[in-house]
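Scroll down for the structure; my scribbles are underneath it.
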Amino acid sequence: MRCRPILALLLCTLALLAACGASVDRREAAYPPLGQFVEIDGRNVHAVVTGQGPDLVLIHGASGNLRDFTFRFVDRVKDRYRVIAFDRPGLGYSDAVPGGDSPAVQARALRAAAAKLGVRRPIVLGQSYGASVALA
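In the working numbering, the protein residues as written are 575 to 710.
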């Protein structure tokens with residue numbers, strides 16, 4: 575008799591996981607990645623690169639994604655800067671990295687991705703938690 579509650583819990587867990595997977599698929603269909611992927615140590619970093627001029631790297635805040643900047647801001651500055659907006663590791667479409675809760679670890683991953691995109695001596699702008707990553 576003790577197996578029934580455990581079996582019920584297991585089935586509910588599997589149903590919840592299936593629903594979460596379907597939710598992610600719908601999100602991707604409604605909001606597909608905007609840019610390109612840069613591979614760093616076997617993990618993808620999602621970036622939007624547009625415009626011309628000095629490099630301007632944008633790092634979004636806590637629980638956000640690069641759309642925080644691409645919604646309006648990027649269009650306002652891309653005629654003066656080469657804008658590189660990143661999804662921070664573990665958010666948006668960027669893969670998580672080991673130790674990714676640390677601003678320094680996230681900064682290393684984004685610095686490596688920026689280097690692969692040819693970024694040299696950028697202006698770095700971070701919003702909210704992204705400011706901690708920018709400073710790191």
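We put the beta carbon where it would ideally sit given N, CA and C, even for glycine.
Taking only the alpha-carbon atoms, compute the straight-line gap between residue i and residue j and give it to the nearest angstrom.
i    : j    : result
A689 : N639 : 20 angstroms
A708 : G700 : 5 angstroms
T624 : Q680 : 22 angstroms
F645 : R682 : 26 angstroms
F647 : G616 : 30 angstroms
Go ahead and pull the three-state DSSP assignment for residue i.
i    : result
F645 : coil
A688 : helix
G673 : coil
G704 : helix
L709 : helix
R662 : coil
V698 : strand
A603 : helix
A621 : strand
Please name the residue or residues paired with residue i in a DSSP beta bridge.
i    : result
A683 : For A683, which the question treats as bridged, DSSP gives no partner whatsoever.
Taking residue i as the reference, give the member of the options with the closest Cα.
i    : options                   : result
A670 : I614, A603 and P607       : I614
G627 : N618, V619, V651 and R641 : V651
task = Please confirm if the segment 659-669 is in contact with the segment 626-646, defined as three or more CB-CB distances below 8 angstroms between the two stretches.
result = yes
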